[in-house]
Amino acid sequence: MSTKKIVFYVVLFSLFLFSGNAALAQFPRFKVLAFFSNKVERAHVEFAYDAIRFFKDLTIGNGFVFDTTSNMDNLNADKLKNYALVMMLNDFPHKQSQRDAFKEYMENGGGWYGFHVAAYNDQGTKWPWLLDFLGGGVFYRNNWPPMPAKLTVDDPGHPVTKGLPQSFIAPINEWYQWKPSPRERKSIKILVTLSPDNYPFGLKDIVPDGDFPVVWTNTDYRMIYLNMGHGSMIFSDATQNKLIIDALRWVIATDKKGNVFK
Ligand code: ZN
Numbered sequence: 001m002s003t004k005k006i007v008f009y010v011v012l013f014s015l016f017l018f019s020g021n022a023a024l025a026q027f028p029r030f031k032v033l034a035f036f037s038n039k040v041e042r043a044h045v046e047f048a049y050d051a052i053r054f055f056k057d058l059t060i061g062n063g064f065v066f067d068t069t070s071n072m073d074n075l076n077a078d079k080l081k082n083y084a085l086v087m088m089l090n091d092f093p094h095k096q097s098q099r100d101a102f103k104e105y106m107e108n109g110g111g112w113y114g115f116h117v118a119a120y121n122d123q124g125t126k127w128p129w130l131l132d133f134l135g136g137g138v139f140y141r142n143n144w145p146p147m148p149a150k151l152t153v154d155d156p157g158h159p160v161t162k163g164l165p166q167s168f169i170a171p172i173n174e175w176y177q178w179k180p181s182p183r184e185r186k187s188i189k190i191l192v193t194l195s196p197d198n199y200p201f202g203l204k205d206i207v208p209d210g211d212f213p214v215v216w217t218n219t220d221y222r223m224i225y226l227n228m229g230h231g232s233m234i235f236s237d238a239t240q241n242k243l244i245i246d247a248l249r250w251v252i253a254t255d256k257k258g259n260v261f262k
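Each residue of the sequence shown is one higher than the one before, counting from 1 in this note's numbering.
Here you go:
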């Protein structure tokens, strides 16, 4: 066969492969709806805008859709039905209708990705379902000022933490400690913990001791919580960014409708 002919067949075969792949791949693969508020603590608003930029950048090539809203009333069945994941950047459901819609969504296979204040709850919250969903931990105390912290990986075999170093220094954040620790719940799987090496932790408000999980999942749901989310440094570290991306990927991949990445 002449060289010209070989080149011709190679090109023809490549075109065939390319068209085949194009027909198989469906883009965008999934949709995320991120809720945020402009009316909360400034450091939490800064985080939300950084997070929106970070996740929007990940949609490059139309891999997925990242929609945002600051209207919590968008937490309703009609709006949520096309989203594989609801993200809470710096807020949580307030009204009963929003809470009911969120519970309904989660109990029917919805995905949740919560940062920082998304898990905040205290005596005033009065929403037992949320407390149960989060693993039973009520906000207990925090370090102040916001500071970097040494974190340790609890389960290096989990898809969210696979490939991370056994411990790493996470960027400046305000870290929340919970009581009782979500680790006490059988349904809760802790993935990352604030290392006791940090104690006494803080300069003004000091956390002296105690179990201090920072990333976990409730295995009864398709959800992940990360305590990061205070201030403008959260996305400044490649190791932590990897964790943030892998957490998104895992919640999406575990959708009962099928793994869109396969
Ligand atoms: Zn905060």
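We put the CB at the ideal spot given by N, CA and C, even for glycine.
Please report the Cβ distance between residue i and residue j, rounded to the nearest whole angstrom; I am assuming they are in contact, meaning their Cβ atoms lie under 8 angstroms.
i    : j    : result
G135 : N218 : 6 angstroms
K242 : W216 : Rounded, the Cβ-Cβ distance is 18 angstroms, inconsistent with contact.
Y140 : K179 : 4 angstroms
A170 : Q240 : 5 angstroms
F212 : L194 : 4 angstroms
D154 : L191 : 6 angstroms
S181 : G137 : 6 angstroms
R222 : G61  : In fact, because the Cβ distance is near 25 angstroms, the residues do not count as touching under 8 angstroms.
For residue i, which residues of its own chain have a beta-carbon under 6 angstroms away from its beta-carbon, when the five flanking residues on both sides are left out?
i    : result
G109 : K256
P146 : I172, N173, E174, H230 and G231
A51  : L89
A23  : With a pLDDT of 45 at A23, under the threshold of 50, the predicted position of this residue should be treated as unreliable, and no value is reported.
W144 : G202, K204 and D205
L33  : D67, Y83 and V86
Y120 : F139
D237 : P171
L80  : Y105
A43  : H230 and G231
For residue i, which of the options has the nearest alpha-carbon?
i    : options                  : result
G210 : A34, Y176, D78 and A84   : Y176
E41  : D91, K79 and K262        : D91
N71  : F55, L85 and P93         : P93
A101 : V86, Y113 and G114       : V86
Q98  : M228, N76 and L89        : N76
M233 : K56, G124, E46 and S195  : E46
D246 : F36, A34, K31 and F55    : F55
Y83  : H116, F30, D122 and P128 : F30
D220 : T69, N143, S187 and Q240 : S187
P128 : F35, Q96 and K79         : Q96
V116 : Y199, A48 and P196       : Position check: residue 116 holds His in this sequence, whereas Val was assumed. Answer by Cα proximity: A48.
N38  : T152, T69 and K5         : T69
P196 : V214, K103 and R185      : V214
N142 : N198, W112, D78 and A238 : N198
I244 : K262, F261 and I224      : I224
E104 : T125, D78, H44 and D122  : D78
R53  : F235, D122 and L151      : F235
N227 : K262, L151 and F261      : L151
Leaving out the 5 sequence neighbours to the left and right, which residues in its chain are closer than 8 angstroms to residue i when beta-carbon positions are compared?
i    : result
T59  : P28, V65 and F66
P156 : K162, L164 and Q166
P159 : D246, R249, W250 and A253
A118 : M88, L89, N90, D91, F92, Y225 and G229
T125 : L131
G20  : In this prediction, G20 has a pLDDT of 48, which is less than 50 and means its spatial position is unreliable; nothing more can be read from the coordinates.
Residues in its own chain within less than 7 angstroms of residue i by CB, not counting five upstream and five downstream?
i    : result
N259 : A253
G63  : F27, P28 and R29
R185 : G135 and G136
P208 : Y199 and P200
D122 : V138 and F139
R183 : I190, D211 and P213
Under 8 angstroms from any heavy atom of ligand 2, does the C-beta of residue i make it?
i    : result
R222 : With respect to ligand 2, the structure offers nothing, as its ligand set consists of ligand 1.
Check: Which whole runs of the beta strand (DSSP E) in the segment 65-141 are 3 residues long or more, in chain order?
Finding: 65-69, 85-88 and 111-115
Note to self: Under 5 angstroms, CB to any heavy atom of ligand 1. Which residues pass, going along the chain?
What the structure shows: E174 and H230
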